[in-house]
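There are 2 protein chains.
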Amino acid sequence: MRPNDLPGIRDLPLFRSMDEASFAELMNAAYLQKFPRQVDLILEGEPADFLYVVIEGCVELFSRHAGRETTLGMVVPVSSFILAAVIRDAVYLMSGRTTEASRILMIPSENIRAIFEKDGAFARAIVRELALDFRVMIKEYKNLKLRPGIERLANRLLRLHDQNAAAGSFMLPYDKKTLASILGMTPENLSRGFATLRAYGVDVAGNTVTIADVDDLRAFAKMNPLIDQ
Amino acid sequence: MRPNDLPGIRDLPLFRSMDEASFAELMNAAYLQKFPRQVDLILEGEPADFLYVVIEGCVELFSRHAGRETTLGMVVPVSSFILAAVIRDAVYLMSGRTTEASRILMIPSENIRAIFEKDGAFARAIVRELALDFRVMIKEYKNLKLRPGIERLANRLLRLHDQNAAAGSFMLPYDKKTLASILGMTPENLSRGFATLRAYGVDVAGNTVTIADVDDLRAFAKMNPLIDQ
DNA sequence: CGGAGCATTGAGACCGGTCAAAAACAGTGG
DNA sequence: CCACTGTTTTTGACCGGTCTCAATGCTCCG
Chain H
1 MRPNDLPGIR
11 DLPLFRSMDE
21 ASFAELMNAA
31 YLQKFPRQVD
41 LILEGEPADF
51 LYVVIEGCVE
61 LFSRHAGRET
71 TLGMVVPVSS
81 FILAAVIRDA
91 VYLMSGRTTE
101 ASRILMIPSE
111 NIRAIFEKDG
121 AFARAIVREL
131 ALDFRVMIKE
141 YKNLKLRPGI
151 ERLANRLLRL
161 HDQNAAAGSF
171 MLPYDKKTLA
181 SILGMTPENL
191 SRGFATLRAY
201 GVDVAGNTVT
211 IADVDDLRAF
221 AKMNPLIDQ
Chain V
1 MRPNDLPGIR
11 DLPLFRSMDE
21 ASFAELMNAA
31 YLQKFPRQVD
41 LILEGEPADF
51 LYVVIEGCVE
61 LFSRHAGRET
71 TLGMVVPVSS
81 FILAAVIRDA
91 VYLMSGRTTE
101 ASRILMIPSE
111 NIRAIFEKDG
121 AFARAIVREL
131 ALDFRVMIKE
141 YKNLKLRPGI
151 ERLANRLLRL
161 HDQNAAAGSF
171 MLPYDKKTLA
181 SILGMTPENL
191 SRGFATLRAY
201 GVDVAGNTVT
211 IADVDDLRAF
221 AKMNPLIDQ
């Protein structure tokens, strides 16, 4: 694997500060692979054999239980996933599948752990990464536990709106079924949620969303920096 | 602060592997304090000035939003809390209060971060701790997103039953109001949940719970090692 | 014995889920 | 360009779980 195959990898917070030899060693052991959409990459319950980095495309993390399925997160370039399982040499707690054609870097867990043991800068980078992931997770948990579905939707729309700054409208980055699963609601309910938010100036056409009066929606959503950041 | 004031601290996974000088430095900067019950230790939104370690007693982590309040976790001896906020030099995402008279060790964040930067073993210990906390958090999130309230209750009872191995009955470690909040339900609903579980051999008298037929309850609960561990 | 707080129970409302069907949409091949 | 097909989204009707509010019972303590 040639380093110039990997724009962005070395720049990732996770790999930026580690020393050159360690990085080379990691990349040497790694595989860069292309996957079509809807390929299962990992399955919850199986041992964490690889750390994954999404270079291109998109990966959906999800979990199944008792006939239900829920989306736990979407991973977009360039970032890694299931770091915690790799570090603890444990079993995956989430399944993962591509939602579009993707290029994925797979780094064997043993190599991650070996370098983690000897490269202090890498260990510190992992700390920072995990601490961040953990805080994101807490926020999602609070979001789910403290807010009704429609407020979760409103806040998600506001977040998307703010990311596509200035523009009056934006595109939903995934289909509505997936969005519903992320928000912890059914597609039917999401649909009704959109209908309700029309009264607050939200217009949905296909997957294009226009927010007429952001302040109005913001008031309804009860944004909270300790949940929405 | 004398080290022999602190049984268990040095044995914590977080501090076990760090070198003696670093540990002494940390303990030197730390405060060991006694608090009565119902004292607010930290408030969400404020900067993380200290890492906390519960030596004796119990601390409830909780969060408020829009007039609601929910319990995010209970910290019992001997373990630390809000490590992620300290590492990221960020704001607390949870509030914390004692639920009984407690002895708490408070270590200034700057000292944690300083030693984290220079002691590789400590950095690695933090990684392991955060990775574990993260996985516990994921499980809680899945629990909430994938299961109805009564199944969360059933599984929680089974977990408590298993912890008090062999014994036919056990005590709820907190009052029912708190248990309800942990489980993400109202006290009224918890009460009805207990009533429903009577049909599966669960008997509740005060805060003493007896499970007549564990297998029966287990079948109902749909235990899942990827949620309940 | 009385009061405070906690736990339980009941009634009603609401949010969210299920099921079924219609409508909108995208992609395909004629 | 248009029918055809399969998928996604929406809508409607209905049901169940959960919350709220209120009243009652219980227990612990002063």
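Residue numbers (UniProt numbering), protein chains in the order written: chain H, 1 to 229; chain V, 1 to 229. The beta-carbon is built from N, C-alpha and C at its ideal position, and this holds for glycine as well. Since this is a predicted model, take the numbers as computed values, not measurements.
{"Check": "Segment contact, 8 Å Cβ cut-off, at least three pairs: the region 125-140 of chain H with the region 188-198 of chain H", "Outcome": "no"}
{"Check": "Proximity winner among M74(H), A66(H), V209(H) and P47(H), relative to I87(H) (alpha-carbon distances)", "Outcome": "P47(H)"}
{"Check": "Three-state secondary structure (DSSP) of G57(V)", "Outcome": "coil"}
{"Check": "Inter-stretch contact (C-beta, 8 Å, three-pair minimum) for the region 145-154 of chain H and the region 57-70 of chain H", "Outcome": "no"}
{"Check": "Y92(V) versus D49(V) - alpha carbon distance", "Outcome": "9 Å"}
{"Check": "Per-residue DSSP class, three states only, for M223(H)", "Outcome": "coil"}
{"Check": "Separation of A29(H) from E151(H), as counted between CA atoms", "Outcome": "45 Å"}
{"Check": "Cβ-based burial, T99(H) [other Cβ within 10 Å; buried from 16]", "Outcome": "buried"}
{"Check": "Any C-beta of chain H under 9 Å from that of P225(V)", "Outcome": "yes"}
{"Check": "Assigned exposure category for A123(V) - 16 Cβ within 10 Å defines buried", "Outcome": "buried"}
{"Check": "Cutoff 9 Å: M74(V) Cβ touching any chain H Cβ", "Outcome": "no"}
{"Check": "Length of the line joining the Cα atoms of A212(V) and V75(V)", "Outcome": "29 Å"}
{"Check": "Interface flag, I138(V) vs chain H, CB-CB below 9 Å", "Outcome": "yes"}
{"Check": "Assumed close pair G57(H), A85(H) - CB separation to whole angstroms, cut-off 8 Å", "Outcome": "At roughly 21 Å, the Cβ-Cβ gap does not stay under 8 Å, so G57(H) and A85(H) are not in contact."}
{"Check": "Beta carbon of N155(V) nearer than 9 Å to that of I55(V)", "Outcome": "no"}
{"Check": "Identity of the residue in R10(V), E20(V), S95(V) and P173(V) nearest L41(V) by Cα", "Outcome": "S95(V)"}
{"Check": "Residue span of the beta strand (DSSP E) that contains L105(V), given as start and end", "Outcome": "S102 to P108"}
{"Check": "Residue environment, N224(V), which counts as buried when at least 16 other CB atoms sit within 10 Å", "Outcome": "buried"}
{"Check": "Positions along the region 22-44 of chain H whose CB lies within less than 7 Å of some CB in chain V", "Outcome": "E44"}
{"Check": "Where G67(V) sits in the DSSP three-state scheme", "Outcome": "coil"}
{"Check": "Contact check, L72(V) vs L61(V), beta carbons under 9 Å", "Outcome": "yes"}
{"Check": "One or two residues paired with R97(H) in a DSSP bridge", "Outcome": "D40(H) and E60(H)"}
{"Check": "Buried versus exposed, by CB contacts within 10 Å (16 or more), T70(V)", "Outcome": "buried"}
{"Check": "Exposure label - N143(V); buried when at least 16 CB within 10 Å", "Outcome": "buried"}
{"Check": "Per-residue DSSP class, three states only, for Q33(V)", "Outcome": "strand"}
{"Check": "Proximity of V59(H) and R10(H) at Cβ, strictly below 9 Å", "Outcome": "no"}
{"Check": "Straight-line gap, P108(H) to V39(H) (C-alpha atoms, nearest Å)", "Outcome": "19 Å"}
{"Check": "Against chain V: residues of the region 118-135 of chain H by CB proximity under 8 Å", "Outcome": "G120, A123, R124, I126, V127, R128, L130, A131, L132, D133, F134 and R135"}
{"Check": "6 Å Cβ shell around K177(V) - same chain, five flanking residues per side excluded", "Outcome": "P187"}
{"Check": "N111(H), buried or exposed, once every other Cβ within 10 Å from all chains shown has been counted against 16", "Outcome": "buried"}
{"Check": "Own chain residues within Cβ distance below 7 Å of R159(H), not counting five before or after", "Outcome": "D228"}
{"Check": "Inter-residue Cα distance where the pair is Y52(H) and Y31(H)", "Outcome": "10 Å"}
{"Check": "Cβ-Cβ separation, Y200(H) to L217(H) (assumed contact under 8 Å), whole Å", "Outcome": "5 Å"}
{"Check": "C-beta contact flag for G8(H) and G120(V) at 9 Å", "Outcome": "no"}
{"Check": "Proximal chain V residues relative to G149(H), where beta-carbon distance stays under 9 Å", "Outcome": "Those do not exist, as G149(H) stays about 12 Å from chain V at its closest Cβ, beyond 9 Å."}
{"Check": "Beta-carbon gap between K139(V) and S22(V) smaller than 9 Å", "Outcome": "no"}
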